[in-house]
Amino acid sequence: MSAQPLFELWVYLAATPLAGLTLTLVAYAVAWKCYQRTGMHPIANPVLVSVALIVAVLWASGTRYQTYFDGAQFVHFLLGPAVVGLAVPLAREWESVRKLALPIAGALVVGSTVALASTIVLAHALGATPATLLSLTPKSVTAPIAMGIAQKIGGVPALAAVFAVTTGVIGAALGKYVLDACGVRDWRARGFALGLAAHGIGTARAFQVNADAGTYASLAFALHGFIAAVLFPLGYALLVRSA
Amino acid sequence: MSDVLSGFTWLLVFQCAGEALVRLAGMPIPGPVAGMALLFAALLLRGKAPGALAAAAGGLGQHLSLLFVPAGVGVMMYVGQVAAEWLPILVALVVSTVLAIAATALTFAWLVRRQRDAHAQDAP
Numbered sequence: 001m002s003a004q005p006l007f008e009l010w011v012y013l014a015a016t017p018l019a020g021l022t023l024t025l026v027a028y029a030v031a032w033k034c035y036q037r038t039g040m041h042p043i044a045n046p047v048l049v050s051v052a053l054i055v056a057v058l059w060a061s062g063t064r065y066q067t068y069f070d071g072a073q074f075v076h077f078l079l080g081p082a083v084v085g086l087a088v089p090l091a092r093e094w095e096s097v098r099k100l101a102l103p104i105a106g107a108l109v110v111g112s113t114v115a116l117a118s119t120i121v122l123a124h125a126l127g128a129t130p131a132t133l134l135s136l137t138p139k140s141v142t143a144p145i146a147m148g149i150a151q152k153i154g155g156v157p158a159l160a161a162v163f164a165v166t167t168g169v170i171g172a173a174l175g176k177y178v179l180d181a182c183g184v185r186d187w188r189a190r191g192f193a194l195g196l197a198a199h200g201i202g203t204a205r206a207f208q209v210n211a212d213a214g215t216y217a218s219l220a221f222a223l224h225g226f227i228a229a230v231l232f233p234l235g236y237a238l239l240v241r242s243a
Numbered sequence: 001m002s003d004v005l006s007g008f009t010w011l012l013v014f015q016c017a018g019e020a021l022v023r024l025a026g027m028p029i030p031g032p033v034a035g036m037a038l039l040f041a042a043l044l045l046r047g048k049a050p051g052a053l054a055a056a057a058g059g060l061g062q063h064l065s066l067l068f069v070p071a072g073v074g075v076m077m078y079v080g081q082v083a084a085e086w087l088p089i090l091v092a093l094v095v096s097t098v099l100a101i102a103a104t105a106l107t108f109a110w111l112v113r114r115q116r117d118a119h120a121q122d123a124p
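Protein sequence lines, in the order shown, are assigned to chains A and B. Everything in the first sequence is counted per my numbering, starting at 1 for the first residue and increasing by one. Everything in the second sequence is counted per my numbering, starting at 1 for the first residue and increasing by one.
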C-alpha cells in the first residue's frame, strides 16, 4: 500500500474527536501498565507518562492541541463529577476526621503558608517576571481554582493552570521520598500533605497507595482550594493597597 | 436505571447544584468543588451514601489520574512561553512543593501526637 491513502486516513481520523479520545485512553492504558509493572513507583506516575506519550504523538504527527482536546474533552469533563464524588469517602470517614480537627486546621495553615511564601521568595530571588510570579503563587491549588485566582491578582490564567498541573505531578512523584525522609509514617498525615501541596493529582496518587491517605488527601485538596480561593485575592488586594 | 448510572446522575445533579450556587452567590470557587461540599452536607444529613452513589464515585475515583491527562497535555502549548524563565519556574515548583509536603506532614503528625499525649494524660 502506498503512503498516500494512509496519510489521508490519518488526516481524516485526526480531525474527529475519536482520535483524541482513543489516544488518551490508549496512552493511559500503557502508562497504567508501566505504573503497575514498577510496583506503583512514584516516578512512573500515570499522569506524567500518559502526557509524555501523547505529547510525543501530537508533535510527531503535527497535530494541534485544540484538535486533540476536541476528543479528550470527554475525559476532561468527567473531572467535574469525580471531584463531586470525593465527598463520599470523606462523609464515610467523617467520625474519625472530625476528631482530628486541630491537626487538620494546623497543617492546613502551616502548609498553605509554606507553599505560598516559598514560591514567592524563590521565584522572586531567581528573577521571575511579575506576571510569572503571580501565576506561580496559586500552584498548589487545583487548576480551575488556580486559574480564577491568577485572573483576580493579575497573573496569566493559562500559565497558572500549567503550573498547577506540573506541581501536581511533581508532588505525586516526589512525595513518597520527602515523607520518608521526614519520617512521617501516619497515612493520614502523608495523604493530607499530598492533597494540600499537589491537589487532585496528589490525591489520585494517595488513593492508589492507601485508602486513608486518599480520604485525607481529598480533604486537604478541598480545604486548600476553598481557603486559597477566598484568601489569596483578599491578601493581594491588601498588599496592593498598603504598597 | 442501573446502579452506576443512577449514581452518576446524582453526581451530575450535585455538580449542577454546585455550579448554580457558585453563579448565584458569586463565589470564587469552581462549581464541582461547591458540588462536593453540597454532596458532603447531604451525606452527613442522610447518614450513609447509597450504594449506587458510592459505586459511581468509587469508579471515577479509581482512575482519577486519567482525568487530569487532557489538561496535562495542555502544558505542551506553553513550553515556549515558559522556556525563557525555566530556572525560576522549575526551582520554585520543585523546592516549594517539597517544602510544602514536608511542613504539612510534620505539622499534622506533630499535632496528632500532641493530641494523643494530652488524652493519655487525661485518662486515669
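C-beta atoms are modelled at their ideal positions from N, C-alpha and C, and glycine is treated no differently.
Contact belief for residue i with residue j at Cβ below 8 Å, rounded distance in angstroms
i              : j              : result
residue 108(A) : residue 224(A) : 7 Å
residue 34(A)  : residue 49(A)  : 6 Å
residue 43(B)  : residue 49(B)  : 5 Å
residue 304(A) : residue 105(B) : Given a span of 1 to 243 for chain A in the structure shown, any question on residue 304(A) remains unanswerable.
residue 18(A)  : residue 62(A)  : At roughly 18 Å, the Cβ-Cβ gap does not stay under 8 Å, so residue 18(A) and residue 62(A) are not in contact.
residue 188(A) : residue 212(A) : 6 Å
residue 3(B)   : residue 51(B)  : 7 Å
residue 134(A) : residue 115(A) : Between residue 115(A) and residue 134(A) the Cβ distance is about 15 Å, and since that is not below 8 Å, they are no contact.
residue 195(A) : residue 220(A) : 3 Å
residue 71(B)  : residue 76(A)  : 6 Å
residue 228(A) : residue 118(A) : Contact doesn't hold; Cβ gap of about 15 Å is too wide.
residue 15(B)  : residue 47(B)  : Going by Cβ atoms, the distance from residue 15(B) to residue 47(B) rounds to 22 Å, so no, they are not a contact pair.
residue 39(A)  : residue 69(A)  : Actually they are not in contact, since the Cβ atoms of residue 39(A) and residue 69(A) sit about 32 Å apart, beyond 8 Å.
residue 140(A) : residue 100(B) : 6 Å
residue 172(A) : residue 5(A)   : Wrong, their Cβ atoms sit about 42 Å apart, outside the cutoff.
residue 102(B) : residue 123(A) : Not quite, the Cβ-Cβ distance comes to about 19 Å (not below 8 Å), so this is no contact.
residue 120(A) : residue 132(A) : The pair is not a contact, with the Cβ atoms about 12 Å apart (cut-off 8 Å).
residue 51(A)  : residue 69(B)  : 6 Å
Residue i - containing alpha helix (DSSP H), residue span
i              : result
residue 138(A) : From DSSP, residue 138(A) is part of no alpha helix (DSSP H); its letter is neither H nor E.
residue 20(B)  : 3 to 25
residue 40(B)  : 31 to 46
residue 88(A)  : 87 to 92
residue 177(A) : 157 to 182
residue 43(A)  : It is not in any alpha helix (DSSP H) - residue 43(A) carries neither H nor E in the DSSP assignment.
residue 196(A) : 187 to 209
residue 35(A)  : 17 to 37
residue 244(A) : The question about residue 244(A) has no answer here: the residues shown for chain A are numbered 1 through 243.
residue 108(B) : 86 to 122
residue 65(A)  : 65 to 77
residue 105(A) : 101 to 125
residue 62(A)  : From DSSP, residue 62(A) is part of no alpha helix (DSSP H); its letter is neither H nor E.
residue 55(B)  : 51 to 62
residue 72(B)  : 69 to 73
Three CB pairs or more closer than 8 Å across the segment 92 to 102 of chain A and the segment 71 to 79 of chain B: With a cut-off of 8 Å on Cβ pairs, the segment 92 to 102 of chain A is not in contact with the segment 71 to 79 of chain B, counting fewer than three such pairs.
Output needed in chain order: residues of the segment 12 to 35 of chain A with a Cβ under 9 Å from some Cβ in chain B. Of all residues in the segment 12 to 35 of chain A, 20, 24, 25, 27, 28, 31, 32, 35 have a Cβ within less than 9 Å of some Cβ in chain B.
Between the segment 16 to 34 of chain A and the segment 157 to 166 of chain A, are three or more C-beta pairs nearer than 8 Å? These segments do not touch.
Taking beta-carbon pairs under 9 Å, can you tell me which members of the segment 18 to 30 of chain B lie near chain A? So the list reads 18, 19, 27, 28, 29, 30, given in the order they occur along the chain.
May I ask you to list, following chain order, the residues of the segment 40 to 67 of chain B that have a beta carbon less than 7 Å from some beta carbon of chain A? Correct list: 40, 43, 44, 49, 53, 54, 56, 57, 60, 61, 64, 65, 66, 67.
Taking Cβ-Cβ distances below 8 Å as the criterion, which residues of the segment 72 to 98 of chain B are in contact with chain A? Correct list: 72, 73, 74, 75, 76, 77, 78, 81, 82, 85, 87, 88, 89, 91, 92, 93, 94, 95, 96, 97, 98.
Stretch-stretch touch, CB-based, cutoff 8 Å, three pairs: the segment 22 to 41 of chain B with the segment 125 to 134 of chain A: The segment 22 to 41 of chain B vs the segment 125 to 134 of chain A: no contact.
When Cβ atoms are compared, which residues of the segment 98 to 111 of chain B fall closer than 9 Å to chain A? Per Cβ criterion, the list reads 98, 99, 100, 101, 102, 103, 104, 105, 106, 107, 108, 109, 110, 111.
With a threshold of 8 Å, are at least 3 pairs of Cβ atoms found where one atom belongs to the segment 132 to 151 of chain A and the other to the segment 28 to 36 of chain B? By the Cβ criterion, the segment 132 to 151 of chain A is in contact with the segment 28 to 36 of chain B, since at least three pairs of Cβ atoms, one from each stretch, lie closer than 8 Å.
Check whether the segment 49 to 68 of chain B touches the segment 108 to 119 of chain A, counting contact only when three or more Cβ pairs, one atom from each stretch, lie closer than 8 Å. Touching, no.
Counting only Cβ-Cβ distances shorter than 9 Å, please list the residues of the segment 102 to 121 of chain A near chain B, keeping chain order. Residues 102, 103, 104, 105, 106, 107, 108, 109, 110, 111, 112, 113, 114, 115, 116, 117, 118, 119, 120, 121.
Do the segment 105 to 115 of chain B and the segment 199 to 210 of chain A make contact, defined as three or more Cβ pairs closer than 8 Å? Flag = no, the segment 105 to 115 of chain B and the segment 199 to 210 of chain A do not touch.
Count the C-beta pairs between the segment 1 to 10 of chain B and the segment 161 to 170 of chain A that are closer than 8 Å, then say yes if the count reaches three, no if not. Taking a contact to require three or more Cβ pairs closer than 8 Å, the segment 1 to 10 of chain B and the segment 161 to 170 of chain A do not qualify as touching.
With 8 Å as the C-beta to C-beta threshold (strictly closer), list the residues of the segment 78 to 96 of chain A near chain B in chain order. In summary, the residues of the segment 78 to 96 of chain A whose CB is separated from some CB of chain B by less than 8 Å are 78, 79, 80, 81, 82, 83, 84, 85, 86, 87, 88, 89, 90, 91, 92, 94, in the order they occur in the chain.
Relative to chain B, which residues along the segment 35 to 47 of chain A have a C-beta separation below 7 Å, given in chain order? Listed in sequence order: 46, 47.
Residues in the segment 127 to 142 of chain A having any Cβ partner in chain B nearer than 7 Å: Sequence-ordered contacts of the segment 127 to 142 of chain A with chain B read 127, 128, 129, 132, 136, 139, 140 [C-beta pairs closer than 7 Å].
Output needed in chain order: residues of the segment 2 to 16 of chain B with a Cβ under 7 Å from some Cβ in chain A. The segment 2 to 16 of chain B vs chain A, Cβ under 7 Å: 8, 11, 12, 14, 15.
With 8 Å as the limit, tell me which residues of the segment 55 to 66 of chain A have their beta carbon closer than that to any beta carbon of chain B; keep them in chain order. Answer set for the segment 55 to 66 of chain A: 55, 58, 59, 65.
Residues within the segment 203 to 235 of chain A neighbouring chain B, beta-carbon criterion of under 7 Å: Cβ contacts with chain B come from 203, 204, 207, 222, 225, 226, 229, 230, 233.
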